[in-house]
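Note sheet for the following structure.
Chains as they are written, first to last, in my numbering: chain A, 6 to 323; chain B, 114 to 378.
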């Protein structure tokens, strides 16, 4: 196929049709990113539990709804399951001294088996919107967008309040300066456990919504969630700083994290629309995230580095 | 106020790096004692302060704070009664949080941290008054991130944070060592004022013999994990640098050439 034929085959109408769905899924991933934001930015810890707790949220929701439980209650139970997953990571880290990254990997790894058990040893469980009353579905995209938007605004507002309270401040202090936190009488172990639990509860909530939206839970639905979450966090930060600069407050930072999820997913929509191989998506995402994560370091290197000095030495002295 | 009974601490026990950091240190501080601590590198000054603060458990001995045996209490529990300022200005404050948020975290030292909104209007008024006493203009920068402040400003802020909620004991671990001489003098001046105002029982490590002589009502010198000198009252007031070096030579058995040996670090 020639280049012109390729471009001619791309239909803008098709793209326009795909955008609303992209926004809905982006909002759901954005909620997940909010959970990642808590650990990655506030606690200053990379928690890899999320890949497992996202799936856990989906699995618990689907099984409970199939079992006759109302959707809202199933979602609450999913959040509870996510909190438990975070608790396990927290205990592994704080009480058994396992580095937080490894603790997260261990929990995530074990969740693969647990999620299979939850789903009755099936790798995939369908949840038909025709049979059950769901909170949202890809069949009704506008209402799915509204529902996830309401949840996002509510969560951002709740977190804005919570991290402004005495306990929330103590969590932020633990992330910012653990030595100081201890010296001020903060039990940093407990704070880490609370933050990890909270974060994974939100991630499971996101998984719970996603499973209803897509109409199934899959054992692999959370694979790479941490990377998508990180992508949303850093895209959101970059956007927020570009648009609001110094006026970006804490509420805005979190709101932009959710928006980061939407932007990420719209990029996915475009990639699919361009008929690039969707199997390459994870590679592309990883490259983008790596670039953004490297940016602060590269900027510093540009300012002052040994390499720069070497380059200078090579030049003839004036 | 503080009683150390024969405390010992060995790091890396049983390895080639074994270090007997404290060898049976006993010390008794009366309420309101303002003690300066000097000693060369590795003498055990910081180790003693960390033992009191509960950064790790001691191997032997007892630590009694205001009549309560705190030996088995972890750091965050002891913090209720202990205010601390560290050598590194970065260590005592949270750089990416506001000045008022830092102050609020310190206000709640030793209290339950619940779900009340952290910084209220009354808090803000109170913080403003407190910051004014530092005379650094920080009262107009309460929503500045602490990371934007200079080292001296951060140390002054940390001092305020350590003393605002009156502690039973104030631990200053070379808190002026990372500052330039003029700033260090200013921070020491603030220190004297705060200690005097609240009548705080204080342990202050310094690397500067002159400061050690000039400040406080009592001076102790440490060497190889032990307290080798303890001078107070009139004797301390008339003390000179030369006296200190002579006394060090006599007790430690080695000569101390000058300030330099104590200055290093």
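All residues carry an ideal CB built from backbone N, CA and C; glycine is no exception. Note that the structure is a prediction, hence the values are computed from the model and not measured.
For residue i, the three-state DSSP class (helix, strand or coil)
i, result
"residue 226(B)", "coil"
"residue 134(B)", "strand"
"residue 196(A)", "helix"
"residue 216(B)", "helix"
"residue 336(B)", "strand"
"residue 287(B)", "coil"
"residue 167(A)", "helix"
"residue 438(B)", "The shown model of chain B, from 114 to 378, leaves out residue 438(B), and the question about it has no answer."
"residue 134(A)", "coil"
"residue 185(A)", "helix"
"residue 182(B)", "strand"
"residue 195(B)", "strand"
"residue 19(A)", "helix"
"residue 344(B)", "strand"
"residue 123(B)", "strand"
"residue 145(A)", "coil"
"residue 34(A)", "helix"
"residue 174(B)", "strand"
"residue 306(B)", "helix"
Cβ of residue i within 8 Å of any chain A Cβ
i, result
"residue 169(B)", "no"
"residue 265(B)", "no"
"residue 217(B)", "yes"
"residue 314(B)", "no"
"residue 237(B)", "no"
"residue 119(B)", "no"
"residue 255(B)", "no"
"residue 185(B)", "no"
"residue 189(B)", "yes"
"residue 330(B)", "no"
"residue 204(B)", "yes"
"residue 197(B)", "yes"
"residue 213(B)", "no"
Whole-angstrom distance between residue j and residue i, CA atom to CA atom
i, j, result
"residue 239(B)", "residue 56(A)", "46 Å"
"residue 239(A)", "residue 317(A)", "33 Å"
"residue 162(A)", "residue 188(A)", "30 Å"
"residue 153(A)", "residue 32(A)", "6 Å"
"residue 299(A)", "residue 262(A)", "19 Å"
"residue 315(A)", "residue 146(B)", "56 Å"
"residue 374(B)", "residue 154(B)", "With a pLDDT of 49 at residue 374(B), under the threshold of 50, the modelled position of that residue is not reliable, and no figure is offered here."
"residue 271(A)", "residue 208(A)", "20 Å"
"residue 109(A)", "residue 172(B)", "34 Å"
"residue 305(B)", "residue 313(B)", "10 Å"
"residue 124(A)", "residue 181(A)", "39 Å"
"residue 215(B)", "residue 251(A)", "20 Å"
"residue 150(A)", "residue 217(A)", "13 Å"
"residue 121(B)", "residue 120(A)", "51 Å"
"residue 57(B)", "residue 172(A)", "Summary: the structure shown does not reach residue 57(B), with chain B confined to residues 114 through 378, and so no result is reported for it."
Top-ranked residue by Cα proximity to residue i, from the options
i, options, result
"residue 138(B)", "344(B), 333(B), 351(B)", "333(B)"
"residue 353(B)", "343(B), 346(B), 327(B)", "327(B)"
"residue 242(B)", "288(B), 213(B), 358(B)", "213(B)"
"residue 346(B)", "124(B), 132(B), 149(B), 123(B)", "149(B)"
"residue 164(B)", "151(B), 184(B), 180(B), 156(B)", "184(B)"
"residue 144(B)", "283(B), 288(B), 337(B)", "283(B)"
"residue 223(B)", "359(B), 258(B), 127(B), 274(B)", "274(B)"
"residue 151(B)", "261(B), 329(B), 267(B)", "329(B)"
"residue 226(B)", "60(A), 190(A), 52(A)", "190(A)"
"residue 198(A)", "247(A), 22(A), 88(A), 74(A)", "88(A)"
"residue 157(B)", "351(B), 221(B), 134(B), 324(B)", "134(B)"
"residue 292(A)", "235(A), 256(A), 278(A)", "235(A)"
"residue 129(A)", "280(A), 273(A), 98(A), 224(A)", "224(A)"
"residue 310(B)", "129(B), 280(B), 323(B), 230(B)", "280(B)"
"residue 71(A)", "253(A), 277(A), 132(A), 308(A)", "132(A)"
"residue 142(A)", "76(A), 219(A), 297(A), 73(A)", "219(A)"
Chain B within 8 Å of residue i, Cβ atoms only
i, result
"residue 191(A)", "yes"
"residue 174(A)", "yes"
"residue 185(A)", "yes"
"residue 177(A)", "yes"
"residue 243(A)", "no"
"residue 50(A)", "no"
"residue 182(A)", "yes"
"residue 188(A)", "yes"
"residue 44(A)", "no"
heavy atom of the ligand PLP below 7 Å from residue i C-beta
i, result
"residue 287(B)", "Here there are no bound small molecules, and the ligand PLP is not part of this structure."
Segments assigned alpha helix (DSSP H), at least 4 residues, entirely inside the segment 46–95 of chain A: Runs of the alpha helix (DSSP H) lying entirely within the segment 46–95 of chain A, each at least 4 residues long, are 55–71 in chain order.
Note down, one range per segment and in chain order, each alpha helix (DSSP H) of at least 4 residues found wholly within the segment 226–288 of chain A. Runs found: 230–249, 255–278.
Which runs of the alpha helix (DSSP H) at least 4 residues long sit entirely within the segment 233–274 of chain B? Give them in chain order. Whole alpha helix (DSSP H) segments, 4+ residues: 234–247.
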